[in-house]
Amino acid sequence: MNRSCFRRRATALAVVGTLGGCAFSNDTQVEIVDYDGAQQTFAFQVATVKTFRNEVPFGQDPVGEPEPTVELPYSPNITNLKGIHVEIRGGGSFGSNLCGGAGATNMTREEFYAANILSEPGPVEIQYNVNPLGVAVASDHDSMFLLSTYTHFDRVRHFFRSTLGDDSRATTTLVVAVFDTEAAVGCRAPWGGGPSLPILIADNAAYAGQADMFVLLRNTFSTATPPGVEFGINPGIIAHEFGHRLFAQNVYFSDAAFRRLVVDTYGSVEDQAKQCEDQTEDDVDDCAISAKLLSGMNEGTADIFAYLYIGTPDFLLPFSFPASELEQRDMAAAPSGEEGLHLYEPVPLLAKEQGWNHYRLGTLWSRGFRAGIVDPRSGAELGSNEEEARVAAAREFHGRALLRALREQGEDFVVNFRFEPRQLVRRYLQQLGQPQGGITPHSNVKSAACQALCDRFGDMPITPVDRAGFPADAQCAGFTGKNLKTEVTFPCTL
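Below, the structure is given as structure tokens:
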């Protein structure tokens with residue numbers, strides 16, 4: 220099979236909506252695999268999708284461009300899983316293009332994200348039937364998987380756009396998820412390409428940042444025991460992966476910050492060295508581990524966004540991971556029993572160790588975020604049995620502050636590409652103290668966050684990087700942190 224033109228023969232019946240209606244406004248009923256919170260299990264459920272594009276009239280371009288200019292009976296393009304905001308594609312490969320890109324630091328965003336796609340993924344075609352109730356029901360495993368995945372991505376994108384108010388590329392450009400693709404190192408020259416050497420078949424649900432697309436596993440079940448649901452149909456995992464896109468597209472939101480990313484990816488050795496203003500030996504060490512530290516905080520931020528979407532601290536949901544991993548990532552778990560996680564150790568030192576686990580730094584950040592949430596209007600603390608109120612407060616106030624903090628982090632990179640975790644923590648605390656959405660936050664909002672984050676980040680041995688003219692000054696003066704594992708107290712340096 221030609222993987223760059225991945226297609227499946229369809230036997231679908233068209234689902235016809237209201238005659239004469241707007242082509243993009245009709246509800247389409249589909250059967251998907253979704254999490255049933257009441258039963259705490261995954262099950263087949265009927266979902267409503269509003270965003271399928273209309274079926275392409277006969278004789279038009281099969282990819283659906285241009286759109287019909289006249290009103291037509293609505294026939295949703297379920298077969299190709301092509302929607303207004305989300306599109307599922309298949310095959311293709313992505314990775315380092317050895318024939319282009321290097322040194323091209325003036326490339327546009329579109330050129331940047333295209334440079335790492337060696338062969339374009341093609342359209343997919345799923346097989347489904349329509350039952351007597353008008354519900355589209357997939358007729359094979361892959362079709363069920365892809366229809367479920369499309370629906371989850373569509374919901375997740377809508378949530379971060381409408382509820383958190385994200386206006387970055389993450390929610391304003393097409394969400395592309397590629398099924399059964401491969402990572403490769405090869406050559407795509409302007410004169411017709413070259414060989415591609417596959418190095419990995421993608422059997423995970425992941426965000427490929429340099430190509431700005433999501434990768435979906437194929438026929439691979441989870442690592443849970445007994446086997447559970449695949450990563451790509453677990454909405455907690457999809458929300459986490461989408462969180463990585465939110466992180467990338469907000470940190471590198473401005474043109475200046477994006478240019479720093481381009482130089483870091485394609486610039487010369489000399490240009491890349493200039494991005495990190497090294498002066499002392501400690502600065503050199505800190506710069507060398509910036510990528511690891513940024514990766515850890517990226518993971519934690521993605522966990523936070525998944526928590527905001529799912530609404531429970533065990534956001535990964537059961538049946539996709541072993542119980543031990545679920546417990547380690549659970550944002551409500553107590554620090555006891557974490558002796559092997561090194562959460563409360565000097566992070567920069569650990570990052571230099573071989574095999575350092577960046578997920579543990581992410582967990583430290585995500586748990587600190589959740590522990591510091593109070594009601595933004597009253598300042599009231601929220602108990603362990605008030606998770607619904609905690610999530611509502613975080614969606615209304617704390618999550619939006621985090622999005623703004625990511626933008627500030629990107630502007631810090633414009634001055635110095637070095638990264639240290641407390642740099643982002645301070646930016647978050649700074650934004651948390653600002654009025655937003657017509658709300659002037661209660662003083663307890665920032666105080667509670669300071670305490671929770673001081674306990675976890677307030678005793679680090681290096682100084683956060685400041686941005687000239689707009690420094691991330693200390694945000695928690697006078698607070699005392701407490702190592703939650705050893706009960707040792709210390710003056711907070713956040």
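Read in this note's numbering, the sequence shown has 349 at position 130, and its numbers run on one by one without any break. Quick reminder that beta carbons are idealized off the backbone N, C-alpha and C, glycines included.
{"Item": "Which residues DSSP lists as bridging leucine 416, in chain order", "Value": "Val404"}
{"Item": "Segment limits, alpha helix (DSSP H) that includes threonine 370", "Value": "360-381"}
{"Item": "Under the three-state DSSP convention, the category serine 312 falls into", "Value": "strand"}
{"Item": "Contact check, threonine 390 vs phenylalanine 379, beta carbons under 8 Å", "Value": "yes"}
{"Item": "Where isoleucine 418 falls, given that 16 or more other Cβ within 10 Å makes a residue buried", "Value": "exposed"}
{"Item": "Simplified DSSP assignment, three categories, for isoleucine 303", "Value": "coil"}
{"Item": "Best match in Ala691, Glu605, Ala323 and Arg619 for proximity to proline 640 [C-alpha to C-alpha]", "Value": "Ala691"}
{"Item": "Bounding residues of the beta strand (DSSP E) (the contiguous stretch that carries phenylalanine 472)", "Value": "Element bounds for phenylalanine 472: n/a, residue is neither H nor E."}
{"Item": "heavy atom of the ligand COA below 7 Å from phenylalanine 638 C-beta", "Value": "The ligand COA is absent from the structure shown, which contains no ligands of any kind."}
{"Item": "Whether aspartate 549 touches threonine 324 by CB criterion (8 Å)", "Value": "no"}
{"Item": "Inter-residue CB distance, leucine 337 and arginine 407 (contact presumed, cutoff 8 Å)", "Value": "5 Å"}
{"Item": "Among Thr705, Arg586, Pro295 and Phe461, nearest to aspartate 385 - alpha-carbon criterion", "Value": "Phe461"}
{"Item": "Proximal residues to arginine 619 (C-beta, below 8 Å), its chain only, five neighbours per side dropped", "Value": "Leu383, Gly384, Gln655 and Gly656"}
{"Item": "Pick from Arg579, Leu651 and Ala551 that is closest to glutamate 605, judged by C-alpha positions", "Value": "Ala551"}
{"Item": "Buried versus exposed call for valine 252 [16 or more other C-beta atoms within 10 Å across all chains shown]", "Value": "buried"}
{"Item": "Range covered by the beta strand (DSSP E) that runs through serine 161", "Value": "Outside the displayed range of the chain (220 to 713) lies residue 161, so it cannot be described from this structure."}
{"Item": "Three-state secondary structure (DSSP) of glutamate 436", "Value": "Residue identity check: residue 436 is leucine in the sequence provided, not glutamate. Reduced to three states, the DSSP call for leucine 436 is coil."}
{"Item": "Alanine 424, DSSP secondary structure in three states", "Value": "coil"}
{"Item": "Sequence-distant residues of its chain with Cβ nearer than 7 Å to serine 381 (five each side left out)", "Value": "none"}
{"Item": "Per-residue DSSP class, three states only, for lysine 704", "Value": "coil"}
{"Item": "8 Å contact criterion, which glutamate 306 and valine 395 should meet: CB distance rounded", "Value": "6 Å"}
{"Item": "Local Cβ density within 10 Å of leucine 352, reported as buried at 16 or more and exposed below that", "Value": "exposed"}
{"Item": "Cβ separation of glutamate 250 and valine 356, assumed to be a contact under 8 Å, to the nearest whole Å", "Value": "5 Å"}
{"Item": "Euclidean distance between Cα positions of serine 662 and threonine 582", "Value": "26 Å"}
{"Item": "Delimiting residues of the beta strand (DSSP E) encompassing valine 593", "Value": "Neither: valine 593 is in no beta strand (DSSP E) and is coded neither H nor E."}
{"Item": "Phenylalanine 271 in three-state terms, based on DSSP", "Value": "strand"}
{"Item": "Backbone CA spacing between asparagine 469 and proline 414 [nearest angstrom]", "Value": "35 Å"}
{"Item": "Alpha helix (DSSP H) runs contained entirely in the region 646-680, provided each spans 4 or more residues", "Value": "662-676"}
{"Item": "Cβ distance (whole Å) where phenylalanine 313 is taken to contact alanine 458 below 8 Å", "Value": "Not a contact, Cβ separation roughly 22 Å."}
{"Item": "Rounded C-alpha distance that separates aspartate 678 from aspartate 246", "Value": "53 Å"}
{"Item": "Proximity to tryptophan 584 [Cα-Cα], best of Gly598, Ser315, Met516 and Gln649", "Value": "Met516"}
{"Item": "Under the three-state DSSP convention, the category aspartate 431 falls into", "Value": "coil"}
{"Item": "Alpha helix (DSSP H) segment containing aspartate 522, residue limits", "Value": "509-529"}
{"Item": "Distance, valine 644 Cα to arginine 675 Cα", "Value": "11 Å"}
{"Item": "Spatial distance of methionine 432 from threonine 400 (CA atoms)", "Value": "11 Å"}
{"Item": "Exposure label - valine 664; buried when at least 16 CB within 10 Å", "Value": "buried"}
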